[in-house]
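With my numbering applied, the sequence shown covers 44 to 158.
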Amino acid sequence: MSDVIIWHNPRCSKSRQALKLLQERGVTPTERRYLDDAPGLDELRAARAALGVSAVEMMRVKEKRFAELGLSKGDDDETLLKAMAENPVLIERPIVFAGGRAAIGRPPEAVLDIL
Numbered sequence: 044m045s046d047v048i049i050w051h052n053p054r055c056s057k058s059r060q061a062l063k064l065l066q067e068r069g070v071t072p073t074e075r076r077y078l079d080d081a082p083g084l085d086e087l088r089a090a091r092a093a094l095g096v097s098a099v100e101m102m103r104v105k106e107k108r109f110a111e112l113g114l115s116k117g118d119d120d121e122t123l124l125k126a127m128a129e130n131p132v133l134i135e136r137p138i139v140f141a142g143g144r145a146a147i148g149r150p151p152e153a154v155l156d157i158l
């Protein structure tokens, strides 16, 4: 399958596992190291739509930065999307995109559902 993208953090075991699962199935995704190449607000909106989830469901709410910014699970999607655009550490990882669909790799096997 071509045109598969993974928002990847090589320091994260779940992200590494999802990448390995893809590669074992002959998929060579484009790796986007989102901490270094942060997605913008429009990209995050598109990711949320492809995932079919609310913004909070694509966030690492236990990340220290979430509390430091005074965010809450009840904040509106735009507030949370802007926070992720400005603080990519808040984005849940990994997220895999393929064929207009997306999946969060929690557990890593979840990314196989969109192939």
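Here a beta-carbon is modelled for each residue, glycine too, at the ideal position from N, C-alpha and C.
Span separating the alpha-carbon of residue i from that of residue j
i	j	result
ASN184	GLU74	Given a span of 44 to 158 for the chain in the structure shown, any question on residue 184 remains unanswerable.
CYS55	VAL70	20 Å
GLN66	HIS51	14 Å
PHE140	ILE49	6 Å
LEU133	ALA61	19 Å
PHE109	GLU86	20 Å
VAL96	ARG88	10 Å
ARG68	ALA126	34 Å
ARG91	ARG59	22 Å
PRO53	ILE157	21 Å
LEU112	PRO151	28 Å
ASP46	GLU121	28 Å
Interface flag, residue i vs chain D, CB-CB below 8 Å
i	result
ALA153	Included in the structure is just one protein chain, with no chain D present.
Close beta carbons around residue i, own chain, < 7 Å, minus the five adjacent residues each side
i	result
ILE147	LEU94, MET101, GLU135, ILE138 and ALA153
VAL104	LYS116
Beta-carbon proximity of residue i to residue j, cut-off 8 Å
i	j	result
ALA98	ALA128	no
Cβ separation of residue i and residue j, assumed to be a contact under 8 Å, to the nearest whole Å
i	j	result
LEU84	LEU124	6 Å
ARG149	LYS63	About 15 Å separates the two Cβ atoms, so there is no contact after all.
Reduced DSSP category for residue i - H, G, I as helix; E, B as strand; rest coil
i	result
VAL99	helix
VAL139	strand
THR73	strand
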